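These protein sequences, in sequence, are chains A, B and C.
All residue numbers in the first sequence are consecutive under our numbering, ending with 128.
All residue numbers in the second sequence are consecutive under our numbering, ending with 436.
All residue numbers in the third sequence are consecutive under our numbering, ending with 495.
All residues carry an ideal CB built from backbone N, CA and C; glycine is no exception.
This structure is a prediction, so every number in the text was calculated from the model and none was measured.
To keep things clear, I will list the structure first and then write my remarks on it.
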Amino acid sequence: MYPKNLFYTDEHEWLDAEGSEGNVGITDFAAKQLGDIVYVELPEKGDIYSKGETFGTIESVKTVSDLYMPVDGEIIDVNVELEESPELVNSSPYEDGWMVKIAIKNEEQVQELMDSDEYHAYVEEQKE
Amino acid sequence: MLEEIGVKNIEDLFQSIPEDLRLKQPLNLPAEKSEIEVLNELGALAAKNISAECCPSFLGAGAYRHYIPTVVANLISRSEFYTAYTPYQPEVSQGTLQALFEYQTMICQLTEMDIANASLYDGASAAAEAVLMADRIQKKRKKIILSAGLHPEYIETIETYLHNLPFKIVKSELAKDGTTDLEALKSAVDADTAAVLIQSPNFFGSIETLDAVKEITASAGALFIVAVAEIYSLGLLNGPGAYGADIVVGEAQSFGNRLNYGGPYLGFITCKDEYKRQLPGRLIGMTNDNRGQAGFVITLSTREQHIRREKATSNICTNEALCATMAAIHMSTMGEEGIKEASLQCLKKTAYAKEQLKKNPKIRFPHSAPVFNEFVIDIGKNGRDVVEKIAKNGVVAGFPLVYYYPERENQLLLAFTEMNSRQDIDRLVSVLGGEL
Amino acid sequence: MIKGRSGLSFTEDLIFNKSCKGAVGYSLPPLDVPDTDASSLVNPKYLRNKPIGLPSVSEVDVVRHFTKLSLWNYGVDYGLYPLGSCTMKYNPKINEVTAAMPGFADIHPYQPYSITQGALELMYNLEKALAEITGFDRVSLHPAAGAHGELVGMMIVRRYLEDQGDPRKKVLIPDSAHGTNPASAAICGYTAVELKSNEHGRLDLKDLEAALDGDVAALMLTNPNTLGVFERNIKEIVRLVHEAGALVYMDGANLNALLGYFKPGENGVDVLHLNLHKTFSTPHGGGGPGSGPVAVAKHLSPYIPKPVIGKKEDGTFYLDYNPPKSIGRVRSFMGNFGILVRAYTYILTNGAEGLKAVAEHAVLNANYIRTKLKGHYHLPYDAETLHEVIFDDKEQEKNHVTTLDIAKRLQDYGYHPPTIYFPLIVHGALMIEPTETESKEEMDGFIEAMIKIADEAKNNPELCKNAPTKPVVGRLDEVGAARNPILRWKPEDKN
């Protein structure tokens with residue numbers, strides 16, 4: 001259901017950690033909850049955030065949600081495609097809809113995140 | 001109906017208000033009145049006020065008496081416009097939405113800016129919103145520079161709005177000629193300056209050199225905000241957008257809205273396209289419906305309070321939609337030619353008035369900068385007293401500056417529009433002359 | 001109930017596309033002063049030597065254009081607006097007549113007091129009437145709208161606490177509150193802390209007590225709240241808040257239910273804002289203008305915005321521009337005077353008895369609708385409601401028909417939808433407030449339509465999902481509008 005190679009937060013972000021770097025985005029569960037995405041506000045390269053800090057926002061027509069950092073990190077790349085095509089988050093949340101690439105500052109925190117099965121169970125719980 | 005609900009009398013429906021908290025006596029207000037009585041009573045109050053309809057007036061200072069074509073009142077009295085709710089259900093509100101979309105466009109054309117919103121309360125609160133918007137854009141800079149040429153009530157409003165927030169407000173004084181002192185401004189602007197706010201024509205009537213101010217703000221990375229209190233000036237002058245303004249705000253009451261003793265008026269705010277998501281208030285956008293037809297909706301709503309709550313770009317909800325609709329009707333009726341012709345009449349009547357007043361050696365002109373339709377005179381006597389005396393003779397001889405500037409106690413701010421005939425102006429000159 | 005027919009509703013282009021070179025809609029007298037060249041009066045480089053880009057149309061064009069636009073609008077003069085928390089009551093025409101009197105509409109705010117005594121007297125009398133209705137010491141007529149009043153109210157709270165030695169940091173706001181509440185608190189430098197409503201929709205006293213600490217400046221309370229429920233523990237709520245050294249701010253948006261029955265000022269509320277465009281019948285205008293007076297208890301009176309109306313010993317009125325403790329001002333001039341005239345006219349017309357009858361009929365009407373619809377729509381809260389009632393789409397959602405669909409289908413029956421999706425604590429909220437100016441017949445028509453829709457949701461959901469079909473446009477692409485905003489017409493767009 002949810003990609004096996006990713007790590008998940010309880011705010012529905014995913015982290016694709018490859019050693020000390022990784023892409024971050026939101027899960028398709030979150031994207032469905034939000035509805036058609038109209039705008040994504042992303043940080044600048046070089047910005048540094050701690051785990052749990054808001055690094056941006058994502059909007060549908062009638063809602064706005066904060067995006068939370070899965071681990072301590074520095075923004076090293078930003079998906080500029082999302083400016084023109086925010087709908088990529090809906091159509092391809094784990095690939096073309098990636099949001100930021102980070103340099104992971106605290107690799108231990110990656111282990112604190114949920115894996116695919118744990119996230120699946122978490123989502124089922126939320127639905128009740 | 002009571003039976004269907006299942007109660008004996010209406011009071012039973014108020015059970016949820018504890019008995020001991022409910023009013024025991026009727027409200028201490030007069031009994032209800034018939035239409036005839038109400039109209040008589042209100043008529044008597046209205047009769048105690050002297051309006052510009054019967055008494056030549058030369059008051060400006062942020063609110064102006066202009067010609068309003070008769071169609072404006074006629075069209076805006078259509079109850080489809082004035083009894084309509086906010087267009088949150090766009091399918092049944094296309095009239096209001098298209099009128100406001102047209103209004104937004106016209107304001108952009110006049111100010112030469114990219115985006116305008118669907119109205120704010122008035123020029124003063126719009127200026128405060130512009131400062132808060134500049135802060136959202138600049139984020140780290142906390143210094144705001146206000147030209148001393150801003151309307152004093154715009155300054156007071158900004159100070160009140162910012163009072164509980166971590167900003168530093170600095171005032172930039174005027175030069176002798178009545179415009180903002182550019183040298184002083186240059187030394188005040190620094191890397192901590194979020195924005196510089198300047199009004200043109202300013203409160204004292206002087207037209208500011210916006211191109212020079214832009215250079216100063218640009219070199220420091222500060223936002224360049226311009227306030228326009230008399231929007232008719234844009235019929236004649238270039239819009240501040242032509243000089244690279246980042247945000248332009250002001251008062252559009254001059255277009256189709258009567259003086260109404262201070263309100264309701266019509267604040268406007270415009271900005272460069274890149275800042276549109278930081279705009280306060282409602283925005284109308286064009287889109288298509290599910291039948292392929294063009295239509296209008298309130299859009300970019302996630303900026304607003306009902307969605308973003310404490311992080312909203314403003315707390316504003318109700319705005320001045322009907323006043324904006326009136327302005328759109330006014331701008332359409334006067335049109336390209338009419339706005340230009342009226343503003344030229346303002347300019348030329350003001351020049352004529354100045355020439356006539358200059359003939360009186362007791363009248364001095366403290367400021368030499370070019371003006372649009374307002375200027376300051378010094379009459380060598382207490383301005384408030386003279387205006388009071390002249391008012392009894394049926395002429396309102398401008399605004400005594402002593403109300404806001406104790407050091408200007410002998411000065412009056414005079415405004416002239418296309419509504420002041422040559423005879424009116426001659427009368428003012430003669431009546432003023434008689435007091436000096 | 002309205003059966004379907006179509007009106008004269010055709011498309012109408014933007015006014016810019018109707019421009020015709022040489023067409024004019026205005027007339028001005030010829031210039032009666034010397035025709036000095038503009039470039040000798042103003043530096044020519046500042047003069048606009050290009051078109052402004054405004055329309056060039058005739059008077060007939062303007063009239064036809066805006067008349068056609070108006071035909072697409074629903075208004076209170078057309079039919080019932082069951083919008084919860086908006087109090088869309090009938091706008092009496094006498095208000096329009098008094099507001100248009102030249103003695104009110106053509107006076108400049110800076111005219112000498114000697115020639116505006118009538119305006120000052122009206123404002124003075126209106127203040128007294130509003131103070132009497134709400135039970136407060138002073139009422140400022142300064143704010144231009146409800147949210148503006150909330151801002152002023154919270155600024156007053158903060159200034160008062162500053163004078164007491166500590167402005168504090170937080171404001172408590174129920175989760176059912178209108179978004180303007182936290183937004184206004186934020187501009188005052190406060191952090192908004194959410195309080196949960198209990199299962200009856202009221203404020204939970206235990207939660208309130210737990211949240212009240214030395215850092216809380218105020219509680220922002222709407223009463224009756226946005227569910228239409230009266231916070232009957234108001235006495236205890238006030239006691240708890242005051243004991244913690246904080247103040248009680250009341251959002252008066254729902255005052256329509258309290259007229260002649262309950263005075264917040266006599267029950268411990270420190271500051272209250274009013275919406276003249278709700279309770280006091282001034283027209284909504286397509287989104288404004290409104291007016292949001294702020295009523296304050298005696299200890300807060302010194303802080304109200306400037307200028308403050310005063311009455312001299314000789315009976316004449318004046319404006320005090322420098323009250324020493326005033327918070328300052330949040331707009332130019334005194335207030336939305338044109339709206340004040342309308343509200344004053346309304347109060348004079350109704351009188352003491354009339355205003356009480358307003359509350360009674362508002363509550364009667366809402367409870368009538370509640371009784372008639374409760375078998376057909378789910379009631380999320382069982383508490384008694386006053387002037388408004390909330391349903392949700394729990395029943396209809398079983399067949400995938402949402403509150404949005406119900407709202408759009410109601411348009412096809414000739415009614416404006418109720419407030420939807422507010423307050424946020426009710427999923428799929430449908431908030432209905434008929435107001436007192438609806439007759440039983442009008443309400444029966446609305447009820448009949450709502451029942452038909454509930455039936456359609458069960459047996460013919462496509463009718464709801466494809467609605468509306470009757471208005472000039474169908475559902476609009478709000479996603480597209482937000483992704484690629486087109487916020488103005490451009491000359492290049494001219495066809």
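message = Is there a Cβ of chain A sitting closer than 8 Å to that of glutamate 478(C), yes or no?
response = Taking a beta-carbon distance threshold of 8 Å, glutamate 478(C) counts as an interface residue toward chain A.
ask   = Can you name, in chain order, every residue of its own chain whose Cβ lies under 6 Å from the Cβ of alanine 407(C), other than the five neighbours on each side?
value = Pro417 and Ile420
inquiry  = Rounded to whole angstroms, what is the Cα-Cα separation between lysine 48(B) and aspartate 385(B)?
reply    = 21 Å
key: Length of the line joining the Cα atoms of aspartate 16(A) and alanine 481(C)   = 33 Å
inquiry  = If you measure between the beta carbons of alanine 397(B) and leucine 432(B), is that distance less than 8 Å?
reply    = Closer than 8 Å, so yes.
query = Whole beta strand (DSSP E) runs in the stretch 266-340 of chain C with 3 or more residues, listed along the chain?
reply = 271-273, 294-296, 308-311 and 317-320
request  = State yes or no: is the beta carbon of alanine 177(C) nearer than 8 Å to at least one beta carbon in chain A?
outcome  = no
query = In chain A, what lies closer than 8 Å to arginine 437(B) by C-beta?
reply = What the structure shows of chain B is the stretch from 1 to 436, and residue 437(B) is not part of that stretch, so it cannot be assessed.
Candidates Leu141(C), Asn125(C) and Asn91(C): closest to proline 305(C) by CA position = Leu141(C)
ask   = How many whole angstroms separate the CB atoms of alanine 227(B) and arginine 141(B), which I take to be in contact at a CB cut-off of 8 Å?
value = Not a contact, Cβ separation roughly 20 Å.
task = Hey, could you find the ends of the beta strand (DSSP E) leucine 412(B) is sitting in?
result = 411-415
inquiry  = Please report the straight-line C-alpha distance between proline 471(C) and aspartate 412(C), rounded to a whole angstrom.
reply    = 7 Å
inquiry  = Please report whether the beta-carbon of glutamate 59(A) lies at a distance below 8 Å from any beta-carbon of chain B.
reply    = yes
query = Taking the alpha-carbon positions, what's the threonine 313(B) to alanine 177(C) distance?
reply = Near 18 Å, if we compare the C-alpha coordinates of alanine 177(C) and threonine 313(B).
ask   = Got a sec: is the Cβ-Cβ distance from serine 34(B) to anything in chain A below 8 Å?
value = no
request  = Check whether the Cβ of serine 301(B) lies closer than 8 Å to any Cβ atom in chain A.
outcome  = yes
task = Please state if the CB of leucine 322(B) and the CB of isoleucine 76(B) are separated by a distance shorter than 8 Å.
result = yes
message = With a threshold of 6 Å on Cβ separation, who are the neighbours of threonine 349(C) within its own chain once the five nearest residues in sequence on each side are excluded?
response = none
Classification of alanine 186(C) by the beta-carbon crowding that lies within 10 angstroms, buried from 16 upward = A residue is called buried once 16 or more other Cβ atoms fall within 10 Å of its Cβ, and alanine 186(C) is buried on that count.
ask   = In chain order, which beta strand (DSSP E) runs of at least 3 residues are fully inside the stretch 56-90 of chain B?
value = As for any beta strand (DSSP E) of minimum length 3 sitting wholly inside the stretch 56-90 of chain B, there is none.
Pick from Ser430(B), Phe81(B), Ala126(B) and Glu19(B) that is closest to leucine 150(B), judged by C-alpha positions = Out of Ser430(B), Phe81(B), Ala126(B) and Glu19(B), Ala126(B) has the C-alpha closest to the C-alpha of leucine 150(B).
task = Take every Cβ of the stretch 128-142 of chain B, pair it with every Cβ of the stretch 155-165 of chain C, and state whether three or more of those distances are shorter than 8 Å.
result = no
key: Limits of the beta strand (DSSP E) - the one that aspartate 66(A) falls within   = 64-68
key: chain D residues whose Cβ lies nearer than 9 Å to that of tyrosine 39(A)   = The structure shown contains no chain D; the protein chains it does contain are A, B and C.
query = Are the Cβ atoms of alanine 245(B) and isoleucine 231(B) separated by less than 8 Å?
reply = no
key: serine 140(C) - DSSP class collapsed to helix/strand/coil   = Serine 140(C) falls in the strand class under three-state DSSP.
query = Taking Cβ to Cβ, would you say aspartate 289(B) is nearer than 8 Å to arginine 232(C)?
reply = no
query = Any idea which residues DSSP pairs proline 491(C) with across the strands?
reply = DSSP, once it has assigned bridges, lists no residue as partnering proline 491(C).
request  = Using 10 angstroms around the beta-carbon of glycine 221(B), count the other beta-carbons present and answer buried if the total reaches 16, otherwise exposed.
outcome  = exposed
query = Taking a cut of 7 Å between CB atoms, which residues from the stretch 243-262 of chain B lie near chain C?
reply = Arg258, Leu259, Asn260, Tyr261 and Gly262
request  = Put serine 93(B) into one of helix, strand or coil per three-state DSSP.
outcome  = strand
task = Pull up the distance between the alpha-carbon of aspartate 254(C) and that of leucine 247(C), whole angstroms please.
result = The sequence shown places asparagine at residue 254(C), not aspartate. Roughly 20 Å between the two C-alpha positions.
request  = Mind listing the chain B neighbours of isoleucine 486(C)? Cutoff is C-beta to C-beta under 7 Å, in chain order.
outcome  = Gly285 and Met286
query = Can the beta-carbon of alanine 191(B) be found closer than 8 Å to that of serine 172(B)?
reply = no
query = Would a check of beta-carbon distances place proline 86(A) closer than 8 Å to chain C?
reply = yes
From Glu12(C), Val57(C), Ala38(C) and Asn43(C), residue whose alpha carbon lies closest to that of glycine 335(B) = Val57(C)
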